[in-house]
Amino acid sequence: MSDLKRYLVPWIDQVKPYDTEDLVVAWSRPELKRMMINENPIPPSEKVLQAILEAAKRGNRYPDNGPRLRAKIAGQYDLGPENVYISHGSSEIIDMVMRLFVTPGDEVLLPNPTFSLYSIRARAVGGSVVAVDLTPDLQYDVPAMLRAITPRTKFIIICTPNNPTGDFIPDEDLMKIVELGIPTMIDEAYLEYHPEHESKAPLIRQFNHIIVAHTFSKAYGMAGIRFGYALADETLIGYFRKMQVPWNTSLLSIAAAEAALDEEEELKRKAAYNNAGVEYVCKELSKITGVKPYFSHGNYVLIDATDAGVTGKEVVDYVFEKAGAMIKHFAPFRGRSGFFRISLGTHEENSLCVQAIKRFFENRKKEKRA
Ligand SMILES: Cc1ncc(COP(=O)(O)O)c(C=O)c1O
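Note that the working numbering numbers the sequence shown so that position 334 is 334, with each residue one more than the last.
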């Protein structure tokens, strides 16, 4: 047996792999309601499926880097194809920026809580994560972020709307970060649910250190197909290309993305369906004493049940057992341990989940009275 430790990068032990256990359970038990990982409950359209099938017929050939698709994406933002890097989901962009900017011991600044993959990929390249708590009302604490900057801060992540809290960072706060000149990724993974809210893409014309990331995993509903993209200054995209693994986007995902872009009405329909679900969940759960849902611009709702005297895990376990719905609890934040998140499902699934949560709290009330 070789002594692997002698050869491995020394920081590997601090890397915790992204936990996919929930997905293993969900795929092996299709009867469960998948409301734990911010997927879209609506499957791809017929047109997208046809495009994938056509592309698969040429599956013996290597793909190019999607010049037509990049031009189409660029056109949405009045940019050029040279400003677009297409990727295997936006997770690849997250990994890419760490490989490009972070060396062992460098610091990556991000909010807490936020999407867990940022820290995982920062640590995978030996980076240190500097996570700055959101304010008690779950807004970006920009003064605290500015205070946390050091000479080793090599990268900043702004997720807007933030996962899991669902709110946008205000423009003036964002600009305080942007104007630092430190490479920053603005992750707009959920923006397509609220197209009335303008993308920060125009910033890339003015600032060569800004990257705007998008994904087709959310409003477009193509998480399993894997497609995302980054927008940035042409020079920075050139560095992405130096670092990239070729053929990162398959013929199938390029074809699917192109077809999906042509279906504007389908995207609107999916967004409206989701947004109605968000309204419903927030309205119903806010009727329960001590339970606070945070209105979300994404496809998830974060709920704090601390004031009802329960932990997020207790709610999650009950909903799994009684309704077969997989939802997710969160680590305690600012001493509050009642956080859990519902990823929106179909309207039927949302209703079953909400009913189960209501029953959980009714039962507790009865138990207390008894
Ligand atoms: C904020 C954010 N960014 C990126 C991603 C990753 O998406 P993709 O499927 O494009 O890799 C997620 C997934 O949940 C997310 O929440």
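Glycine included, each C-beta is placed from N, C-alpha and C at the ideal position.
Option in the options with minimal Cα separation from residue i
i: ASN40; options: THR346, GLY335, GLU321; result: THR346
i: THR306; options: PRO332, ILE327, TYR318, VAL130; result: PRO332
i: ASP95; options: PHE115, ALA122, LEU110, ASP78; result: ALA122
i: PRO63; options: ILE86, GLY75, GLN76, ILE157; result: ILE86
i: LYS358; options: VAL291, VAL97, GLY298, LYS47; result: VAL291
i: LEU49; options: VAL102, LEU252, GLY80; result: LEU252
i: ALA257; options: LYS268, THR215, GLU234; result: THR215
i: LEU174; options: ILE210, ARG58, LEU302; result: ILE210
i: ASP233; options: ASP13, ALA124, ALA223, PRO202; result: PRO202
i: CYS353; options: GLY228, GLU321, GLY224; result: GLU321
i: TYR300; options: THR150, ASN38, ILE12, TRP247; result: ASN38
i: VAL125; options: ASP13, ILE288, LYS72, VAL24; result: ASP13
i: ALA323; options: PHE330, LEU8, MET35, LYS287; result: MET35
i: TYR239; options: ILE157, LEU180, PHE101, ASP106; result: PHE101
i: MET185; options: GLU198, GLY105, ASN208; result: ASN208
Strand pairing of residue i, partner residues [DSSP]
i: CYS159; result: ASP187
i: GLY228; result: SER87, THR215
i: PHE339; result: ASP304
i: HIS329; result: PHE340
i: LYS292; result: ASP304
i: VAL130; result: LEU109
i: ILE210; result: THR184
i: ARG99; result: Looking at the DSSP assignment, ARG99 forms no beta bridge with any residue, so it has no partner.
i: ARG34; result: MET326
i: THR153; result: GLU107
Residue i: CB within 7 angstroms of a non-hydrogen atom of ligand 1
i: CYS159; result: yes
i: ASP187; result: yes
i: ALA223; result: yes
i: GLY166; result: no
i: PHE155; result: no
i: THR215; result: yes
i: PHE115; result: yes
i: ASN163; result: yes
i: ASN248; result: no
i: ASN40; result: no
i: GLY89; result: yes
i: GLY228; result: yes
Cβ neighbour criterion (16 or more within 10 Å) applied to residue i
i: TYR18; result: exposed
i: PRO293; result: buried
i: ASN363; result: exposed
i: ASN83; result: buried
i: LEU109; result: buried
i: GLU92; result: buried
i: ASN162; result: buried
i: PRO113; result: buried
i: ASP262; result: exposed
i: GLY335; result: exposed
i: TYR190; result: buried
i: TYR118; result: buried
i: ARG70; result: buried
i: ASP171; result: exposed
i: GLY166; result: buried
i: GLY59; result: exposed
i: ALA255; result: buried
i: PRO136; result: exposed
i: ARG61; result: exposed
i: MET145; result: buried
i: LEU267; result: buried
Chain D contact for residue i (CB, 8 angstroms cutoff)
i: LYS242; result: Absence of chain D from the displayed structure is noted, only one protein chain being present.
For residue j and residue i, the rounded distance between their alpha carbons
i: ASP141; j: PRO67; result: 39 angstroms
i: ILE42; j: GLY221; result: 7 angstroms
i: PHE115; j: PRO164; result: 7 angstroms
i: GLU349; j: ALA271; result: 17 angstroms
i: PHE360; j: TYR318; result: 7 angstroms
i: ASP155; j: MET98; result: First, the residue type needs correcting, since residue 155 is Phe and not Asp in the sequence shown. Between PHE155 and MET98, the C-alpha separation is close to 8 angstroms.
i: ARG269; j: VAL245; result: 35 angstroms
i: GLY309; j: LEU231; result: 44 angstroms
i: ARG147; j: VAL132; result: 10 angstroms
i: HIS88; j: GLU314; result: 35 angstroms
i: ILE52; j: LYS366; result: 53 angstroms
i: PRO81; j: GLU279; result: 37 angstroms
i: VAL130; j: GLU54; result: 46 angstroms
i: THR103; j: SER351; result: 47 angstroms
i: CYS159; j: HIS194; result: 15 angstroms
i: ALA259; j: LYS328; result: 32 angstroms
i: MET326; j: LYS33; result: 6 angstroms
i: ALA56; j: GLY224; result: 16 angstroms
i: PRO111; j: ALA356; result: 31 angstroms
i: ASN274; j: LEU344; result: 7 angstroms
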